[in-house]
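One structure is given below, encoded as structure tokens.
Residue numbers (our numbering): 112 to 410.
Here is the structure:
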């Protein structure tokens, strides 16, 4: 969508980036994304997939599962494996992955081999199901400890400079945390500001993170859109059930009664079209009537 809005026809200005967990990499939606990546109507010019391979699916033993990157072989994407304990290697590999994507316009996978020290939440303890691995992890130095030790051995930073950097980061985090306690709630300000234009060349760092958008649509406009969508044209003979659905939706829009989800969805599509924003529906069910409530084409 951003490529379309930005008229990025060669798909070089907008690059999709997906972050995956090692376990969630095997979800069906991920397989579909790789399977669709080479199809003309679904091409994005290549997506950079980053797998945070930290054994988050720790209850699955290695002997019971394939590699987290095996699913990427569907699209014959190049796969870069990199040690998460080596920050400079991670940066180098990410640059290579992006350069490859930009040049060849195909998917690229980065397998960030790392670990996590804690469970899903305060009550979750991976030591229960993976005691041997977590005994090793608990004895292993953190990434920042290893990297600062490397920088000191190379004479790039002193121990005092490393300590100052840590203090600066912790101070910034504490300041942001304090700010979050007094910052206006997202829900309090919802709708107070007009919707911004989609970013094209604007850096994300320049976007106000507290900005909310107004997504409401004028009722009169919704009624006009509803009349265009739900009023059956003269001379068109619709199936009785389809006719009843359309008449009920039209009546709800005209009278201001409650609307169901499918009606709201159709009105949302219409409001986007009224603003000149393209709407693309992918899949056959919208047309062939598998689900009557979401039909978008009438025969």
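A virtual CB, placed ideally from N, CA and C, is assigned to each residue, including glycine.
Given the structure is predicted, the values throughout are model-derived calculations rather than measurements.
- request: Can you say whether residue 144 is buried or exposed, counting buried as having 16 or more other CB atoms within 10 angstroms of its CB?
  value: Buried, by the Cβ-count rule.
message: Can you tell me whether residue 266 is buried or exposed? The criterion is at least 16 other CB atoms within 10 Å of its CB, across all chains shown.
response: Sixteen is the threshold: since fewer than 16 other Cβ atoms of the shown chains lie within 10 Å of the Cβ of residue 266, the residue is exposed.
task: Check whether the Cβ atoms of residue 221 and residue 208 sit closer than 8 Å, and answer yes or no.
output: Result yes, Cβ atoms of residue 221 and residue 208 sit closer than 8 Å.
Backbone CA spacing between residue 191 and residue 204 [nearest angstrom]: Near 7 Å, if we compare the C-alpha coordinates of residue 204 and residue 191.
Residues bridged to residue 131 [DSSP beta-bridge criterion]: In the DSSP output, where bridge partners are listed per residue, residue 131 has 162.
message: For residue 269, which residues in the same chain have their Cβ closer than 8 Å to its Cβ, ignoring the five residues on either side in sequence?
response: Around residue 269: 263.
query: In chain order, what residues of the same chain have a beta carbon less than 7 Å from the beta carbon of residue 124, not counting five sequence neighbours either side?
result: Hits under 7 Å: 117.
query: Are the CB atoms of residue 386 and residue 364 nearer to each other than 8 Å?
result: Between residue 386 and residue 364, the C-beta gap is not smaller than 8 Å, which leaves the two residues out of contact.
- prompt: Going by alpha carbons, who is nearest to residue 162 out of 242, 156, 134 and 148?
  reply: Among 242, 156, 134 and 148, the Cα nearest to that of residue 162 belongs to 134.
- prompt: If we call anything under 8 Å between Cβ atoms a contact, is residue 198 one with residue 245?
  reply: No.
- request: Just mark residue 153 as buried or exposed, buried being the case when its beta carbon has 16 or more other beta carbons within 10 Å.
  value: Classification for residue 153: exposed.
message: Please report the distance separating the alpha-carbon of residue 115 from that of residue 278.
response: Taking the CA atoms as reference points, residue 115 sits about 44 Å from residue 278.
query: Which whole runs of the beta strand (DSSP E) in the region 213 to 247 are 3 residues long or more, in chain order?
result: Runs of the beta strand (DSSP E) inside the region 213 to 247: 219 to 224.
message: If contacts are defined as beta-carbon pairs under 8 Å, then residue 212 and residue 157 qualify, I think. What distance do you get, rounded to the angstrom?
response: Confirmed, about 4 Å.
- prompt: Would you say residue 185 and residue 122 are within 8 Å of each other, going by their C-beta atoms?
  reply: Residue 122 is positioned such that its CB atom lies no closer than 8 Å to that of residue 185.
- request: Could you tell me if residue 346 is buried or exposed, where buried requires 16 or more neighbouring beta carbons within 10 angstroms of its beta carbon?
  value: The residue in question, residue 346, is exposed, as its Cβ has fewer than 16 Cβ neighbours within 10 Å.
field: Rounded C-alpha distance that separates residue 341 from residue 388
entry: Those two C-alpha atoms are separated by around 20 Å.
Collapsed DSSP secondary structure at residue 356 in the structure displayed: It is helical.
message: Out of 370, 378 and 357, which one is the CA nearest neighbour of residue 326?
response: From the listed residues 370, 378 and 357, the smallest Cα separation to residue 326 is found for 378.
- request: Would you decide whether residue 88 is buried or exposed? Buried here means 16 or more other CB atoms lie within 10 Å of its CB.
  value: In this structure the chain extends from 112 to 410, so residue 88 is not present and cannot be described.
query: What residues are listed by DSSP as bridge partners for residue 190?
result: Answer is 220.
- prompt: If you draw a straight line from the alpha carbon of residue 392 to that of residue 249, how long is it in whole angstroms?
  reply: C-alpha of residue 392 to C-alpha of residue 249: approximately 49 Å in a straight line.
- prompt: Which of the three DSSP states, helix, strand or coil, is assigned to residue 180?
  reply: Residue 180 falls in the coil class under three-state DSSP.
message: DSSP three-state label for residue 199, please.
response: In the structure shown, residue 199 sits in a helix (DSSP, three-state: H, G or I).
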